[in-house]
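Q: Please see the structure below; I have some questions.
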Amino acid sequence: MARRVGDQAGTRTHTQGTAQEPTALKRALTTPLLYFFILGDVLGAGVYVLVGQVAADSGGAVWVPLVVALLLAMLTAASYAELATKYPRAGGASHYATRAFGPFAGFVAGFCMLAAGIVSVAALARGFGGDYLSAFVTLPVALVAVVFLGLLALVNARGIKESTRANVVATVVEVGGLVVIVVLGAWLLLRGDGDPGRLTQLGTPEKGAAAAVLSGSVLAYYSFVGFETSVNVAEETRNPRRSYPRALFGALATAGAVYVLVGLAASAAVPTDRLAASSGPLLEVVREAGGVPTRLFSAIALVAVANGALLTGIMSSRLAYGMAKDGLLPGALTKVLPGRRTPWAAIAVTTVLAMLLALTGSVATLASTLVLLLLIVFLMVNTAVLVLRRDPGETDHFRTPVVLPVLGIASCVVLATQIEAAVWLRGLAIVAVGTVLAAISAARRSKRAAVEAPDAG
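Just so we're aligned: the sequence shown equals residues 41 to 497 in the working numbering.
So, in structure tokens, the structure goes:
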């Protein structure tokens, strides 16, 4: 109990912005930097490969499940906006669940986020060393993954400001590539080679319109995943109560607009069956239009993958740091570089784990559980908003209407029902590991409390 009261007191110290603790992180993020951080995380590598898969599930009207997925993501984003401005500190969902339900739930939420983040970084590292890189040079994937992760760790450790500035450049490149696709799609239509009729074709031979939209929305929802990682840098944001909601909703709206335009361009430019069969659907638009080298898109995809891995690596290290501050992970993870004030211990541990996963070659089987793991976390976050309404917090924090977290809870349940049984088995196995570790952590806390009780008396 003493530890938890101390944690809450520490949270209030951060909330008031004094941040005088030796492990306090530097407040260096402005609203524009945070906006690009979130936008860069959402506009990751997924958009370059998922359009074809969404088309396979939903038909030619790819834009419909993209819009539905955006609206569903906004529901949970509203809950994150309230909690991040109410408790602006690293730890994110883990910290919110700890406050609402206790340290056991906080550990499980944090573990799910850590598992998803570390697996995502490992998968992106292997993706970086795959086909896109082969367009320029052929190297062993394992070697590329290890070197790639090491370099990302160095950028991460150098500082949040430097990392987010690199993200701004990478995000501009990513968005520039997507703008090229939109322009090429419009050019194809103007010269009479596209088919705008495909934009209203909803459904497949196996699924009706409603089932197709729901199925496609699960995949499209993955495209918007990434906004939740930004709460882990709220402690490093200047005036988070003002900056965070603006950056979050602005970035999601921008990403949604870009995705819808890309979906419209790709579907109108390329026949649906060809789009669905391609592992590089946007390259099909480039080939159909002509005039743009296909290797250009390989370069853009590499930037997208690297940027996504960098931002997810930042999230994972800050989450581990925040959980350690809450007493849910070893205190050694709270160590920061004296000058840079970045959590070097958390960065090192999460990077090593990502390297090990990348070397095993089993990352592909875990990657499909990312959405399920995050839906579990989102369910807890949306519920935590309602539970924590009894804690007034600061009077000027963002407050979402009650109906939005309720709808957010419903959206998580509906999307989870669309996930395959095999993925559920893998996801539940990971959650089971987190539950066991949480029980061990709880037992250790109880033992410490029992030892300290006589002294307190």
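For each residue, glycine too, the CB sits at the ideal point set by N, CA and C.
By Cβ distance, which residues of its chain are closer than 6 Å to residue 61, with the 5 residues on each side in sequence left out?
A: For this step, residue 61 is matched to residue 21 along the sequence shown. Confidence at residue 61 is low in this model, with a pLDDT of 40, below 50, so the placement of that residue should be treated as unreliable; the coordinate-derived value is given next. Taken in chain order, the list of residues that qualify is empty.
Q: By DSSP's criteria, residue 475 is part of a beta bridge. Which residues make up the other side?
A: As a position in the sequence shown, residue 475 is number 435, starting the count at 1. DSSP lists no partner for residue 475.
Q: Since residue 109 and residue 292 should fall inside the 8 Å C-beta cutoff, what is the C-beta to C-beta distance between them, to a whole number of angstroms?
A: The residue labelled residue 109 in the question sits at position 69 within the sequence shown. The residue labelled residue 292 in the question sits at position 252 within the sequence shown. Not a contact, Cβ separation roughly 11 Å.
Q: Does the count of Cβ pairs from the segment 123-134 and the segment 358-378 closer than 8 Å reach three?
A: With a cut-off of 8 Å, the segment 358-378 and the segment 123-134 count as touching, because enough Cβ pairs lie within range.
Q: Evaluate residue 517 with the Cβ neighbour count: other Cβ atoms within 10 Å of its Cβ, from every protein chain shown; 16 or more gives buried, anything less gives exposed.
A: The structure shown does not extend to residue 517, since the chain is modelled only from 41 to 497, so the question has no answer here.
Q: If you scan the segment 436-483 from start to end, which runs of the alpha helix (DSSP H) of 4 or more residues do you find wholly inside it?
A: As far as the segment 436-483 is concerned, its whole alpha helix (DSSP H) runs of at least 4 residues are 443-456.
Q: Relative to the C-alpha of residue 462, which residue among 412, 488 and 242 is closest?
A: Taking the first residue of the sequence shown as position 1, residue 462 is located at position 422. Per the Cα distances, 412.
Q: Does the structure place the segment 303-310 close enough to the segment 217-235 that three or more beta carbon pairs sit under 8 Å?
A: The answer is yes - the segment 303-310 touches the segment 217-235, with three or more Cβ pairs under 8 Å.
Q: Short check: CB of residue 318 to CB of residue 92, under 8 Å?
A: Reading the sequence shown from its first residue, position 278 is the one you call residue 318. Reading the sequence shown from its first residue, position 52 is the one you call residue 92. Closer than 8 Å, so yes.
Q: Using alpha carbons as the reference points, say which of 219, 283, 348 and 442 lies closest to residue 271.
A: What you label residue 271 is simply residue 231 of the sequence shown in a count that begins at 1. Closest option to residue 271, Cα to Cα, is 283.
Q: For residue 226, I'd like the list of residues in its chain whose CB is within less than 8 Å of its CB, leaving aside the five on either flank, ordered along the chain.
A: Indexing the sequence shown from 1 puts residue 226 at position 186. Closer than 8 Å at Cβ, skipping near neighbours: 305.
Q: Measuring only the C-alpha atoms, how far is residue 193 from residue 273?
A: Sequence index remark: in the sequence shown, residue 193 carries index 153 (1-based). Sequence index remark: in the sequence shown, residue 273 carries index 233 (1-based). If you take the alpha carbons of residue 193 and residue 273, they lie about 16 Å apart.
Q: I'd like to know whether the C-beta atoms of residue 157 and residue 347 end up nearer to each other than 8 Å.
A: In the sequence shown, residue 157 corresponds to position 117, counting from 1. In the sequence shown, residue 347 corresponds to position 307, counting from 1. Result no, Cβ atoms of residue 157 and residue 347 do not sit closer than 8 Å.
Q: Measure the C-alpha to C-alpha separation of residue 491 and residue 353 and round it to an integer number of angstroms.
A: The residue given as residue 491 occupies position 451 in the sequence shown. The residue given as residue 353 occupies position 313 in the sequence shown. About 37 Å.
Q: Any idea what DSSP makes of residue 70, helix, strand or coil?
A: As a working note, residue 70 is residue 30 in the sequence shown. Looking at residue 70 - three-state DSSP - the assignment turns out to be coil, as it is neither helix nor strand.
Q: Do the segment 241-255 and the segment 323-343 touch if we need at least three Cβ pairs shorter than 8 Å?
A: As far as the Cβ criterion goes, the segment 241-255 does not touch the segment 323-343, which means the pair count is below three.
Q: Taking the alpha-carbon of residue 167 as reference, which of 138, 155 and 181 has the nearest alpha-carbon?
A: Taking the sequence shown and counting its residues from 1, the one referred to as residue 167 is at position 127. Closest option to residue 167, Cα to Cα, is 181.
Q: State the start and end residues of the unbroken alpha helix (DSSP H) segment that holds residue 313.
A: In the sequence shown, residue 313 corresponds to position 273, counting from 1. Unbroken alpha helix (DSSP H) run through residue 313: 312-317.
Q: Go through the segment 275-352 residue by residue and report every complete run of the alpha helix (DSSP H) that reaches 4 residues or more, in order.
A: Counting only runs of 4 or more, we get 280-309, 312-317 and 321-329.
Q: Counting along the chain, where does the alpha helix (DSSP H) carrying residue 18 start and finish?
A: This structure cannot settle anything about residue 18, because the visible part of the chain is limited to 41 through 497.
Q: Report yes if the C-beta distance between residue 386 and residue 377 is below 8 Å; otherwise report no.
A: Sequence index remark: in the sequence shown, residue 386 carries index 346 (1-based). Sequence index remark: in the sequence shown, residue 377 carries index 337 (1-based). Not in contact: residue 386 and residue 377 (Cβ atoms no closer than 8 Å).
Q: Taking the straight line between their C-alpha atoms, what separation do you get for residue 419 and residue 228?
A: Position 379 of the sequence shown holds residue 419. Position 188 of the sequence shown holds residue 228. One C-alpha to the other measures close to 42 Å.
Q: Can you say whether residue 441 is buried or exposed, counting buried as having 16 or more other CB atoms within 10 angstroms of its CB?
A: Mapped onto the sequence shown, residue 441 falls at position 401. That one is exposed.
Q: If you draw a straight line from the alpha carbon of residue 188 to that of residue 471, how long is it in whole angstroms?
A: One-based indexing of the sequence shown puts residue 188 at position 148. One-based indexing of the sequence shown puts residue 471 at position 431. Using only the alpha carbons, I get a separation of about 29 Å.
Q: Return the CA-CA distance between residue 69 and residue 313, expressed in angstroms with no decimal places.
A: Here residue 69 refers to the residue found at position 29 when the sequence shown is read from its first residue. Here residue 313 refers to the residue found at position 273 when the sequence shown is read from its first residue. Each residue's alpha carbon lies about 44 Å from the other.
Q: Is there contact between the segment 95-103 and the segment 384-400, where contact requires at least three CB pairs shorter than 8 Å?
A: Taking 8 Å as the limit for Cβ pairs, the verdict is that the segment 384-400 does not touch the segment 95-103.
Q: Within 10 angstroms of the Cβ of residue 391, are there 16 or more other Cβ atoms? Answer buried if so, exposed if not.
A: As a working note, residue 391 is residue 351 in the sequence shown. It is buried - the Cβ of residue 391 has at least 16 other Cβ atoms within 10 Å.
Q: Between the C-alpha atoms of residue 178 and residue 230, what's the straight-line distance to the nearest angstrom?
A: On the sequence shown, position 138 is the one that residue 178 refers to. On the sequence shown, position 190 is the one that residue 230 refers to. Cα to Cα, residue 178 sits roughly 39 Å from residue 230.
Q: Pull up the distance between the alpha-carbon of residue 238 and that of residue 301, whole angstroms please.
A: Position 198 of the sequence shown, counted from the start, is the residue given in the question as residue 238. Position 261 of the sequence shown, counted from the start, is the residue given in the question as residue 301. Going by the C-alpha atoms only, they are around 14 Å apart.
Q: Please classify residue 62: does DSSP put it in a helix, a strand, or coil?
A: Indexing the sequence shown from 1 puts residue 62 at position 22. In this prediction, residue 62 has a pLDDT of 39, which is less than 50 and means its spatial position is unreliable; what the coordinates show is noted afterwards. Looking at residue 62 - three-state DSSP - the assignment turns out to be coil, as it is neither helix nor strand.
Q: Out of 457, 483 and 449, which has the shortest C-alpha to C-alpha gap to residue 18?
A: Since the first residue of the chain shown is 41 and the last is 497, residue 18 is not available in this structure.
Q: Which of helix, strand or coil does DSSP assign to residue 383?
A: Sequence index remark: in the sequence shown, residue 383 carries index 343 (1-based). Note: residue 383 maps to coil in three-state DSSP.
Q: Give every residue of the same chain whose Cβ lies closer than 7 Å to the Cβ of residue 213, excluding the five residues on either side of it in the sequence, and list them in chain order.
A: As a position in the sequence shown, residue 213 is number 173, starting the count at 1. Within the same chain, residue 213 has close Cβ partners 340 and 343.
Q: Anyone know if the C-beta pair for residue 105 and residue 338 falls short of 8 Å?
A: As a first step, residue 105 is located in the sequence shown; it is residue number 65 there, counting from the start. As a first step, residue 338 is located in the sequence shown; it is residue number 298 there, counting from the start. Cβ distance not < 8 Å, so residue 105 and residue 338 don't count as in contact.
Q: Would you grab the beta carbon distance between residue 78 and residue 288 for me? Rounded to a whole angstrom, and I think it's under 8 Å.
A: For this step, residue 78 is matched to residue 38 along the sequence shown. For this step, residue 288 is matched to residue 248 along the sequence shown. Right, the Cβ-Cβ distance comes to about 6 Å (below 8 Å), so this counts as a contact.
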